[in-house]
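**Q** Protein sequences appear in the order of chains A and B. Each residue of the first sequence is one higher than the one before, counting from 3 in this note's numbering. Each residue of the second sequence is one higher than the one before, counting from 3 in this note's numbering. Backbone N, C-alpha and C define an ideal beta-carbon position, used for all residues, glycine too.
There are 2 protein chains.
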Amino acid sequence: MRTSVDCFPCFMKQTVIALRQCGCDEIIQQKVFREVLAIMQDVDMNKPPAYTTTFIHRAIREIIAGDPFKDIKQKYNAIALSLYPRLRALVTASPDPLWTAARLAIAGNIIDFGIFTDIDIQKSVDQSLEAEIAADDFISFKNDLASSDQVLYLLDNAGEIVFDRLLIEELKKAGKQVKAVVKGSAVLNDVTREDAVQTGLDAICEIISNGSDAIGTILPWTSLAFQEEFKKAPLIISKGQGNFETLLRSRKGTYFLFQSKCDVVSRELGLMPCSMLFRKS
Amino acid sequence: MRTSVDCFPCFMKQTVIALRQCGCDEIIQQKVFREVLAIMQDVDMNKPPAYTTTFIHRAIREIIAGDPFKDIKQKYNAIALSLYPRLRALVTASPDPLWTAARLAIAGNIIDFGIFTDIDIQKSVDQSLEAEIAADDFISFKNDLASSDQVLYLLDNAGEIVFDRLLIEELKKAGKQVKAVVKGSAVLNDVTREDAVQTGLDAICEIISNGSDAIGTILPWTSLAFQEEFKKAPLIISKGQGNFETLLRSRKGTYFLFQSKCDVVSRELGLMPCSMLFRKS
Chain A
3 MRTSVDCFPC
13 FMKQTVIALR
23 QCGCDEIIQQ
33 KVFREVLAIM
43 QDVDMNKPPA
53 YTTTFIHRAI
63 REIIAGDPFK
73 DIKQKYNAIA
83 LSLYPRLRAL
93 VTASPDPLWT
103 AARLAIAGNI
113 IDFGIFTDID
123 IQKSVDQSLE
133 AEIAADDFIS
143 FKNDLASSDQ
153 VLYLLDNAGE
163 IVFDRLLIEE
173 LKKAGKQVKA
183 VVKGSAVLND
193 VTREDAVQTG
203 LDAICEIISN
213 GSDAIGTILP
223 WTSLAFQEEF
233 KKAPLIISKG
243 QGNFETLLRS
253 RKGTYFLFQS
263 KCDVVSRELG
273 LMPCSMLFRK
283 S
Chain B
3 MRTSVDCFPC
13 FMKQTVIALR
23 QCGCDEIIQQ
33 KVFREVLAIM
43 QDVDMNKPPA
53 YTTTFIHRAI
63 REIIAGDPFK
73 DIKQKYNAIA
83 LSLYPRLRAL
93 VTASPDPLWT
103 AARLAIAGNI
113 IDFGIFTDID
123 IQKSVDQSLE
133 AEIAADDFIS
143 FKNDLASSDQ
153 VLYLLDNAGE
163 IVFDRLLIEE
173 LKKAGKQVKA
183 VVKGSAVLND
193 VTREDAVQTG
203 LDAICEIISN
213 GSDAIGTILP
223 WTSLAFQEEF
233 KKAPLIISKG
243 QGNFETLLRS
253 RKGTYFLFQS
263 KCDVVSRELG
273 LMPCSMLFRK
283 S
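1) If you measure between the beta carbons of residue 143(B) and residue 53(B), is that distance less than 8 Å?
2) If we define contact as Cβ-Cβ less than 8 Å, is residue 7(A) a contact residue for chain B?
3) Report yes if the C-beta distance between residue 170(B) and residue 206(B) is below 8 Å; otherwise report no.
4) Could you list which residues in chain B have their beta carbon closer than 7 Å to that of residue 39(A), in chain order?
5) Among residues of its own chain, excluding the 5 on either side of residue 282(A), which ones have a beta-carbon nearer than 6 Å to its beta-carbon?
6) Go ahead and pull the three-state DSSP assignment for residue 134(A).
7) Any beta-carbon of chain B closer than 8 Å to the one on residue 127(A)?
8) For the beta strand (DSSP E) that contains residue 5(A), what are its first and last residues?
9) Out of 187(A), 167(A), 178(A), 191(A), which has the shortest C-alpha to C-alpha gap to residue 159(A)?
10) Sorted by chain position, which residues of the same chain lie with C-beta nearer than 6 Å to residue 211(A)'s C-beta, five sequence neighbours on each side aside?
11) What are the boundary residues of the beta strand (DSSP E) that residue 72(A) is part of?
12) Just the chain B side, please: which residues come within less than 7 Å of residue 18(A) by C-beta, in chain order?
13) As a quick exercise: from 58(B), 168(B), 253(B), pick the residue whose alpha carbon is nearest that of residue 99(B).
14) Please report the distance separating the alpha-carbon of residue 236(A) from that of residue 152(A).
15) Answer with buried or exposed for residue 23(A), where buried requires no fewer than 16 other C-beta atoms within 10 angstroms of its C-beta.
16) With DSSP run on the structure shown, which of helix, strand or coil describes residue 49(B)?
17) Mind the definition here: the segment 88-102 of chain A touches the segment 51-66 of chain A only if three or more C-beta pairs lie below 8 Å; say whether that holds.
18) Secondary structure at residue 212(B), three-state DSSP: helix, strand or coil?
19) Please identify, using Cβ separations under 8 Å, the residues of the segment 201-228 of chain B that lie next to chain A, in order along the chain.
20) Is it a yes or a no for the segment 76-92 of chain B touching the segment 215-229 of chain B, going by three-plus beta-carbon pairs under 8 Å?
21) Cβ of residue 156(A) within 8 Å of Cβ of residue 238(A)?
22) Exposed or buried, what is residue 173(B) when buried is set at 16 or more other beta-carbons lying within 10 Å of its beta-carbon?
23) Give a yes or no on whether the C-beta atoms belonging to residue 243(A) and residue 232(A) are separated by under 8 Å.
24) Quick one: using the 10 Å Cβ neighbour count with 16 as the cut-off for buried, is residue 67(A) buried or exposed?
25) How long is the line joining the alpha carbons of residue 178(B) and residue 150(B), rounded to whole angstroms?
26) Excluding five sequence neighbours on each side, which residues of the same chain lie with their C-beta closer than 6 Å to the C-beta of residue 181(B)?
27) Would you identify the three-state DSSP class for residue 194(B), choosing helix, strand or coil?
28) Who are residue 278(A)'s beta bridge partners in DSSP?
29) Could you check the C-alpha separation between residue 268(A) and residue 277(A) for me, to the nearest Å?
30) Alpha helix (DSSP H) containing residue 164(A): first to last residue?
31) How is residue 203(B) classed by DSSP in three states: helix, strand or coil?
32) Distance cutoff 8 Å, beta carbons only. Does residue 15(B) sit that close to anything in chain A?
33) Rounded to a whole number of angstroms, what is the C-alpha to C-alpha distance between residue 25(B) and residue 19(B)?
34) Can you tell me which of the three DSSP states residue 256(B) falls into?
35) So, residue 165(B) versus residue 110(B), is the Cβ gap smaller than 8 Å?
36) At the 8 Å Cβ level, is residue 251(A) part of the contact set with chain B, yes or no?
Next up, the structure:
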């Protein structure tokens, strides 16, 4: 996916969101803006927008000497964990627990403070549960799953990871070996090993790092060990827009579960913004 | 009003909107972005955002060698003119025509493709007519008007000018001498003499230019003749957010009629975004 001119306002918006999180003074803010604007002057429009946002978030972390999203990630994990018992009951009571868990995993992708800032998770999730899936390859997924004993699960955001846990629990119940992939280090609201531990996912499946601090999965920037896992996995579940942007045409056997939160991605897919997707590569 | 970091995404958004209007190729687009980003690196946060948007729109017009909004301004004037008979009848049938015309003038401020891109004018105006005025100094305005024989009317956008015409007609009926102020040359969707002629306003009152291509009214950049008019006018009607930003604390006897379309201005006023205002300086 190429970068669109419509991504430029969003690059600025993400910067503002990060600055609001860290609450830094105006001198630091101006330093950040100067650096981010310099990055934007060199945007390679042939690359997905995730490249530029990766550079932007690196610059922000460097200038403020920290991770602006550390606290809010913990907070969103805690909120999502408080919802877990109700969500777990919903899955267990469902006539098709795998389907309900998958749908919840897509619903949980609404938790994205890189795009939304002030969000009532419970309400948003309830709405997502009622919305139609715009591209629904669940049947194909179920078939592919039947012949795969392993699943590589590319996680996305903090908070959302609790919803992923529900789906991973169902995959485990079905006897699958699951490796859940976290980022190598902090970037925006993406999960790292810390979040997997906070939400108890490390007790349910193996957690592996992709060795990268990029938004989405920019394969050449990931570790060789991860690249090997990516290549050999019979089935991949890829969560979130960033992974979709960067992995769109990378390989077969990948299912993209996400909500298209921006106009650029929605246009690429020929869908309405805020569509929910369960889409095979 | 100072510039906020929240203005930065909006600077980019305005650039994207202008580029969409002119339909120029990617090389020109990149040239524009490079120049706009350079302008943004030098933003003086102590000045209103209208300063930066003025520089941005100047750069865009220079690079594309034209006015990207020329066609859409004519189109919005024509749409608004087609609504005029219905709106005129609404004012005439009203128990308080001045009040209805003033309200329509505020409602017409919804026509702002610098902020909204795809807009159903009729529907938006109907909604605006039903909405509450968040800060309503109409009574005070009526009193001030009774003791003023002249009104200086600072126009804002194309399309909206037809709604201003309704209010100016009522002022003329009340025996007031009205001078309607247009921009000295093209900037965004702001009206120039051409728009006053297209919408027939020049047949109703005197049209004067402020001699400037700035967003809002940046007094030091206006002509000396306009500055004199501004100083001596007993009563000023100032339309739109740009004029509010730049004239907020400039003088007494000014009534700001507009909709607060952005979070920054709404916050400055302690109001919800999209509030309608009839506010005395």
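**A** The short version:
1) Indexing the second sequence from 1 puts residue 143(B) at position 141. Indexing the second sequence from 1 puts residue 53(B) at position 51. Not closer than 8 Å, so no.
2) Walking along the first sequence from the start, residue 7(A) turns up at place 5. Residue-level contact check: residue 7(A) touches chain B, since one or more beta carbons of chain B fall below 8 Å from its beta carbon.
3) As a first step, residue 170(B) is located in the second sequence; it is residue number 168 there, counting from the start. As a first step, residue 206(B) is located in the second sequence; it is residue number 204 there, counting from the start. Going by C-beta atoms, residue 170(B) is nearer than 8 Å to residue 206(B).
4) Within the first sequence, the letter at position 37 stands for residue 39(A). Within chain B, the residues near residue 39(A) are 39, 42, 43.
5) The residue given as residue 282(A) occupies position 280 in the first sequence. The residues are 139, 142, 257.
6) For the purposes of this step, residue 134(A) is taken as the residue at position 132 of the first sequence. DSSP places residue 134(A) in coil when its eight states are reduced to three.
7) As a working mapping, residue 127(A) is identified with position 125 in the first sequence. Taking Cβ atoms only, chain B never reaches closer than 8 Å to residue 127(A), which makes this a no.
8) Looking up residue 5(A) in the first sequence gives position 3. Here residue 5(A) belongs to no beta strand (DSSP E), and DSSP marks it neither H nor E.
9) Walking along the first sequence from the start, residue 159(A) turns up at place 157. For residue 159(A), the closest C-alpha among the options 187(A), 167(A), 178(A), 191(A) is that of 191(A).
10) Looking up residue 211(A) in the first sequence gives position 209. Same-chain partners within the cutoff: 184, 186.
11) Within the first sequence, residue 72(A) is the residue found at index 70, counting from 1. Note, residue 72(A): premise wrong, no beta strand (DSSP E); alpha helix (DSSP H) at 72-95.
12) Working through the first sequence from its first residue, we reach residue 18(A) at position 16. Ordered by position in chain B, the residues that pass the 7 Å Cβ test against residue 18(A) are 7, 8, 10, 11.
13) Residue mapping note: residue 99(B) aligns to position 97 of the second sequence, counting from 1. For the residues 58(B), 168(B), 253(B), the minimum Cα distance to residue 99(B) belongs to 168(B).
14) As a position in the first sequence, residue 236(A) is number 234, starting the count at 1. As a position in the first sequence, residue 152(A) is number 150, starting the count at 1. Between residue 236(A) and residue 152(A), the alpha-carbon positions lie close to 7 Å from each other.
15) Indexing the first sequence from 1 puts residue 23(A) at position 21. Label assigned to residue 23(A): buried.
16) Translated into positions along the second sequence, residue 49(B) becomes position 47. Reduced to three states, the DSSP call for residue 49(B) is coil.
17) At 8 Å Cβ cutoff, the stretches do not touch.
18) By 1-based counting over the second sequence, the position of residue 212(B) is 210. Annotated three-state conformation of residue 212(B) is coil, per DSSP.
19) Here the close residues number zero.
20) No: the two stretches stay apart, fewer than three of their Cβ pairs being nearer than 8 Å.
21) Taking the first sequence and counting its residues from 1, the one referred to as residue 156(A) is at position 154. Taking the first sequence and counting its residues from 1, the one referred to as residue 238(A) is at position 236. Residue 156(A) places its beta carbon less than 8 Å from that of residue 238(A).
22) In the second sequence, residue 173(B) corresponds to position 171, counting from 1. So residue 173(B) counts as buried.
23) The sequence position of residue 243(A) within the first sequence is 241, counting from 1. The sequence position of residue 232(A) within the first sequence is 230, counting from 1. Taking 8 Å as the Cβ cut-off, residue 243(A) and residue 232(A) do not qualify as a contacting pair.
24) For this step, residue 67(A) is matched to residue 65 along the first sequence. With fewer than 16 other Cβ atoms within 10 Å, it is exposed.
25) The count along the second sequence starts at 1 and reaches residue 178(B) at position 176. The count along the second sequence starts at 1 and reaches residue 150(B) at position 148. Cα-Cα distance, rounded: 8 Å.
26) Indexing the second sequence from 1 puts residue 181(B) at position 179. Cβ contact annotation for residue 181(B) (same chain, cutoff 6 Å, sequence separation greater than five): 154, 208, 210, in chain order.
27) As a position in the second sequence, residue 194(B) is number 192, starting the count at 1. Coil at residue 194(B), not helix or strand.
28) In the first sequence, counting from the first residue as 1, residue 278(A) sits at position 276. Residue 278(A) pairs with 135(A), 261(A).
29) Residue 268(A) sits at position 266 when you count from the first residue of the first sequence. Residue 277(A) sits at position 275 when you count from the first residue of the first sequence. Cα atoms of residue 268(A) and residue 277(A): separation of roughly 8 Å, rounded to the nearest angstrom.
30) Residue numbering aside, residue 164(A) sits at position 162 when the first sequence is read from its first letter. Residue 164(A) -> alpha helix (DSSP H) spans 162-175.
31) Taking the second sequence and counting its residues from 1, one reaches residue 203(B) at position 201. Correct three-state label for residue 203(B): helix.
32) Here residue 15(B) refers to the residue found at position 13 of the second sequence. Yes, because at least one Cβ of chain A sits closer than 8 Å to the Cβ of residue 15(B).
33) Numbered from 1 along the second sequence, position 23 holds the residue referred to as residue 25(B). Numbered from 1 along the second sequence, position 17 holds the residue referred to as residue 19(B). Going by C-alpha positions, residue 25(B) is about 10 Å away from residue 19(B).
34) On the second sequence, residue 256(B) is found 254 positions in, with the first residue counted as 1. It is a strand residue.
35) As a position in the second sequence, residue 165(B) is number 163, starting the count at 1. As a position in the second sequence, residue 110(B) is number 108, starting the count at 1. In contact: residue 165(B) and residue 110(B) (Cβ atoms closer than 8 Å).
36) Stepping through the first sequence from its first residue, residue 251(A) is reached at position 249. Interface residue (Cβ-Cβ distance to chain B less than 8 Å): residue 251(A) is not classified as such.
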